[in-house]
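S.K.: Residue numbers for the sequence shown follow our numbering, so the first one is 11 and each next one is one higher.
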Amino acid sequence: MDIWKPTAVIVQTPNHYLPRRRGSPPLRLRLLAARHRVMAHHHLLPLQRLPNSPRPPPPRLRLRLPTKPSRLHNHNRLLPRAAAASTAATVSALEDFRRWLASHSVGDGGKAFPAAVPEGLGLVAARDLPRGEVVAEVPKKLWMDADAVAASDIGRACGGGGGLRPWVAVALLLISEVARGADSPWAPYLAILPRQTDSTIFWSEEELLEIQGTQLLSTTMGVKEYVQSEFDSVQAEIISTNKDLFPGSITFDDFLWAFGILRSRVFPELRGDKLALVPFADLVNHSPDVTSEGSSWEIKGKGLFGRELMFSLRTPVDVKSGQQIYIQYDLDKSNAELALDYGFMESNPSRDSYTVTLEISESDPFYGDKLDIAELNGLGETAYFDIILDEPLPPQMLPYLRLLCIAGTDAFLLEALFRNSVWGHLELPLSPENEESICQVMRDACKSALAAYHTTIEEDEELSERENLQPRLTIAIGVRASEKKVLQHIDNIFKQREEELDGLEYYQERRLKDLGLVGDNGEIIFWES
């Protein structure tokens, strides 16, 4: 007999320039109408969809996860144009940068100075600094932002740059100023920028194989495809038609380098239309020991009538003279996002996250009703849930799962009569069949996702104890181990729930109690005439 039954489908989808949620891209669980006798052996290839492209038809049953990173173009490698140069700034370049800052009266307060540190370059305290002390003020004239683009030859060639995405416009400015060499007003700053970071967008194909099966791999490849599509567009419309602004050959690797610089050096609140590179201030490094949620910087007016905008950086903690100044980049980023954006991760369980995406399938016979209920409760056809290691499931995840799995005799709750009250019922178990279904869906999905990794948690833990691991291998081991731990955590939650199914109270029992037909101990109450 052909019966509609929700089925777990794994889909790895690429993210775009700014991941919309933590721990992305998600594990997507499509709850589909599966005709088991016909569809049981169908497999589909991984989805790699670019922004604004038509949505592909939903897969029928199961998606095979990628076994190796796909190539974007054979001629595009992960080595920037100047990759042969050392990633650490030379002593002379650092001195030139200091003189450049002094010429613009930046850092002349004797509070902090740029210096070589274990991370590469950083800000070091010139004297003891109390918490909240302003350590750097950088005038807007030194920023590389939309206004700098508009005032440049790039802006004039692009009609002010307003038609470009903000990050694309600043990336083109960055590339063109690098091409100008010593003639660029930012030359001393550009000379100290790293030619690569340990962000996964710069990893070789061999290195990317170390994160096989992870959400981070899919995110990385999706981001690179997105950057490639933007490069193809500006190459045809701007770069190739303005050779005077872009002498020599501008490659995808140059564009990817500029993207990586922006991704790693722009302060989080300065993204989007406010995107800006702020020389000197952007040398400040991250420390997990800084846990302050308050911003360590502000933009304020200075000078006559406060007309001159300044980027003001403060230290969030007390710092001794000669010590490095640190801030907290973002408390909400997962380890996968830290690896993608900055090229590092933390040994912090609260950063171990996995994003589960649940979706109402268009093939569901109750698609319209379920979508209406989801939208009435602030969700939609697709819902994202960030699962953090050793923490409870997000509050709306179980109700949404129960909604997706409603079928058979439970379908009466989808009728218009219950529309305003159904979510309250979904917050508690509906029926043994529905609760068992959500457990099976999630456990099957976790099992499928865990099978895509080429190592076990135990193997990763053993590898992590080895000495002298390369930074990128350390990141790979840490991220894949953290994802697997979260998947096991999810599986354990639903395994325990399966074991408790017989002891749960379901909708019918609650309803009978409300009507006074069942006692507190479950006994049926009779009335005698």
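We put the beta carbon where it would ideally sit given N, CA and C, even for glycine. Nothing here was measured: the structure is a model prediction, and the numbers come from that model.
In the DSSP assignment, find the beta strand (DSSP E) that holds Lys457 and state where it starts and stops.
M.R.: If you number the sequence shown from 1, residue 457 lands on position 447. Careful: Lys457 lies outside any beta strand (DSSP E), inside the alpha helix (DSSP H) at Pro442 to Leu460.
S.K.: Could you have a look at Tyr6 and say whether DSSP puts it in helix, strand or coil?
M.R.: Examination of residue 6 is not possible in this model, given that the chain is present from 11 through 539 alone.
S.K.: Thinking just about the alpha-carbon of each residue, which of Ile383, Arg361, Trp213 and Thr207 is nearest to the one in Ser431?
M.R.: The sequence position of residue 431 within the sequence shown is 421, counting from 1. If we check each option's Cα against that of Ser431, Ile383 comes out closest.
S.K.: Any chance you could list the alpha helix (DSSP H) runs of at least 4 consecutive residues sitting entirely within the stretch 208-233, in chain order?
M.R.: Fully enclosed alpha helix (DSSP H) runs of 4 or longer: 215-218.
S.K.: Any contact between the stretch 255-266 and the stretch 278-295? By contact I mean 3 or more CB pairs, one from each, below 8 Å.
M.R.: They do not touch, by the three-pair rule.
S.K.: Applying the criterion that 16 or more other CB atoms from any shown protein chain within 10 Å of the CB defines a buried residue, is Val101 buried or exposed?
M.R.: Here residue 101 is taken as the residue at index 91 of the sequence shown, counted from 1. It counts as exposed.
S.K.: Could you check the C-alpha separation between Lys523 and Pro405 for me, to the nearest Å?
M.R.: Here the question's residue 523 lines up with position 513 in the sequence shown. Here the question's residue 405 lines up with position 395 in the sequence shown. Near 25 Å, if we compare the C-alpha coordinates of Pro405 and Lys523.
S.K.: Can you check whether the CB of Leu414 is closer than 8 Å to the CB of Leu368?
M.R.: Residue 368 sits at position 358 when you count from the first residue of the sequence shown. Residue 414 sits at position 404 when you count from the first residue of the sequence shown. Their beta carbons are under 8 Å apart, which means Leu368 touches Leu414 by this criterion.
S.K.: Look at the alpha carbon of Pro204 and the alpha carbon of Leu483, and state the distance between them as a whole number of angstroms.
M.R.: Here the question's residue 204 lines up with position 194 in the sequence shown. Here the question's residue 483 lines up with position 473 in the sequence shown. One C-alpha to the other measures close to 20 Å.
S.K.: How would you label His464, buried or exposed, when you count the other beta carbons within 10 angstroms and need 16 or more for buried?
M.R.: Taking the sequence shown and counting its residues from 1, the one referred to as residue 464 is at position 454. So His464 ends up on the exposed side.
S.K.: Following the continuous beta strand (DSSP E) through Lys312, name the residue where it begins and the one where it ends.
M.R.: Taking the sequence shown and counting its residues from 1, the one referred to as residue 312 is at position 302. Trp307 to Lys312 is the span of the beta strand (DSSP E), which, as asked, contains Lys312.
S.K.: Given a threshold of 16 other Cβ atoms within 10 Å of its Cβ, counted over all protein chains shown, does Phe321 qualify as buried or as exposed?
M.R.: By one-based count along the sequence shown, residue 321 stands at place 311. Result: buried.
S.K.: For Gly130 and Lys234, I'd like the C-alpha separation in whole angstroms.
M.R.: Taking the sequence shown and counting its residues from 1, one reaches residue 130 at position 120. Taking the sequence shown and counting its residues from 1, one reaches residue 234 at position 224. If you take the alpha carbons of Gly130 and Lys234, they lie about 25 Å apart.
S.K.: State the DSSP-derived secondary structure class of Met355, mapped to helix, strand or coil.
M.R.: As a first step, residue 355 is located in the sequence shown; it is residue number 345 there, counting from the start. Reduced to three states, the DSSP call for Met355 is coil.
S.K.: To which residues of the same chain is Leu440 closer than 8 Å at the C-beta, ignoring the five residues directly before and after it?
M.R.: Working through the sequence shown from its first residue, we reach residue 440 at position 430. Result list for Leu440: Arg412, Ile416, Asp420, Leu423, Tyr516 and Tyr517, in chain order.
S.K.: Between which two residues does the alpha helix (DSSP H) harbouring Phe504 extend?
M.R.: The residue given as residue 504 occupies position 494 in the sequence shown. Phe504 -> alpha helix (DSSP H) spans Pro481 to Glu509.
S.K.: Which same chain residues, not among the five before or five after Arg429, have their C-beta less than 6 Å away from its C-beta?
M.R.: Numbered from 1 along the sequence shown, position 419 holds the residue referred to as residue 429. Excluding sequence neighbours, Arg429 sits near nothing in its chain.
S.K.: Given this structure, state the Cα-to-Cα distance separating Ser474 from Asp138, to the nearest angstrom.
M.R.: Position 464 of the sequence shown holds residue 474. Position 128 of the sequence shown holds residue 138. Cα to Cα, the separation comes out at about 37 Å.
S.K.: Roughly how many whole angstroms lie between the Cα atoms of Arg175 and Pro375?
M.R.: Taking the sequence shown and counting its residues from 1, one reaches residue 175 at position 165. Taking the sequence shown and counting its residues from 1, one reaches residue 375 at position 365. The straight-line gap from Cα to Cα measures roughly 41 Å.
S.K.: DSSP three-state label for Phe401, please.
M.R.: In the sequence shown, residue 401 corresponds to position 391, counting from 1. For clarity, residue 401 is Glu in the given sequence; the question names Phe instead. Of the three classes helix, strand and coil, the one that applies to Glu401 here is coil, per DSSP.
S.K.: State yes or no: is the C-beta of Met355 nearer than 7 Å to some heavy atom of the ligand SAM?
M.R.: This structure simply doesn't include the ligand SAM, nor any ligand for that matter.
S.K.: Pick helix, strand or coil for Gln334, following the three-state DSSP scheme.
M.R.: Start at 1 with the first residue of the sequence shown, and residue 334 comes out as number 324. Reduced to three states, the DSSP call for Gln334 is strand.
S.K.: Less than 8 Å separating the beta-carbons of Ala146 and Leu272?
M.R.: Start at 1 with the first residue of the sequence shown, and residue 146 comes out as number 136. Start at 1 with the first residue of the sequence shown, and residue 272 comes out as number 262. No, the Cβ-Cβ distance between Ala146 and Leu272 is not below 8 Å.
S.K.: Can you list the beta strand (DSSP E) stretches of 3 or more residues lying completely in the stretch 246-282, in chain order?
M.R.: Here no run is fully enclosed.
S.K.: Determine the direct distance from the alpha carbon of Glu471 to that of Gln333, and round the result to whole angstroms.
M.R.: Within the sequence shown, residue 333 is the residue found at index 323, counting from 1. Within the sequence shown, residue 471 is the residue found at index 461, counting from 1. So the alpha carbons of these two residues sit roughly 33 Å apart.
S.K.: Check for me: the alpha helix (DSSP H) holding Arg521 runs from which residue to which?
M.R.: The count along the sequence shown starts at 1 and reaches residue 521 at position 511. Tyr517 to Asp524 is the span of the alpha helix (DSSP H), which, as asked, contains Arg521.
S.K.: With Leu111 and Ala126 assumed to form a contact (beta carbons below 8 Å), what rounded beta-carbon distance in angstroms separates them?
M.R.: Residue 111 sits at position 101 when you count from the first residue of the sequence shown. Residue 126 sits at position 116 when you count from the first residue of the sequence shown. Wrong, their Cβ atoms sit about 16 Å apart, outside the cutoff.
S.K.: How would you call Leu60, buried or exposed, if buried means at least 16 neighbouring beta carbons within 10 angstroms?
M.R.: Along the sequence shown, read from residue 1 onward, the residue named residue 60 stands at position 50. Caution is warranted here: a pLDDT of 33 is assigned to Leu60, below 50, making its placement in the model unreliable, and the coordinate value is therefore given only provisionally. With fewer than 16 other Cβ atoms within 10 Å, it is exposed.
S.K.: Consult DSSP for Val148 and reduce its assignment to one of helix, strand or coil.
M.R.: For the purposes of this step, residue 148 is identified with residue 138 of the sequence shown, where counting begins at 1. Strand at Val148.
S.K.: On the DSSP bridge list, what partners appear for Ile297?
M.R.: The sequence position of residue 297 within the sequence shown is 287, counting from 1. Reading the sequence as shown, one finds Ser at residue 297 and not Ile. None, per the DSSP bridge assignment.
S.K.: Note down, one range per segment and in chain order, each beta strand (DSSP E) of at least 3 residues found wholly within the stretch 134-201.
M.R.: List check, beta strand (DSSP E) in window: 144-149.
S.K.: Please name the residue in Phe265, Trp433 and Tyr339 whose C-alpha comes closest to that of Gly353.
M.R.: Locating residue 353 in the sequence shown gives position 343, where the first residue counts as 1. Minimum Cα distance to Gly353 is reached at Tyr339.
S.K.: Give the range of the alpha helix (DSSP H) segment to which Val101 is assigned.
M.R.: By 1-based counting over the sequence shown, the position of residue 101 is 91. Residues Val101 to Ser113.
S.K.: Measuring alpha carbon to alpha carbon, tell me which of Lys121, Gly142, Pro140 and Glu143 ends up nearest Val134.
M.R.: Translated into the one-based positions of the sequence shown, residue 134 becomes position 124. Residue Lys121 is the option with its Cα nearest to Val134.
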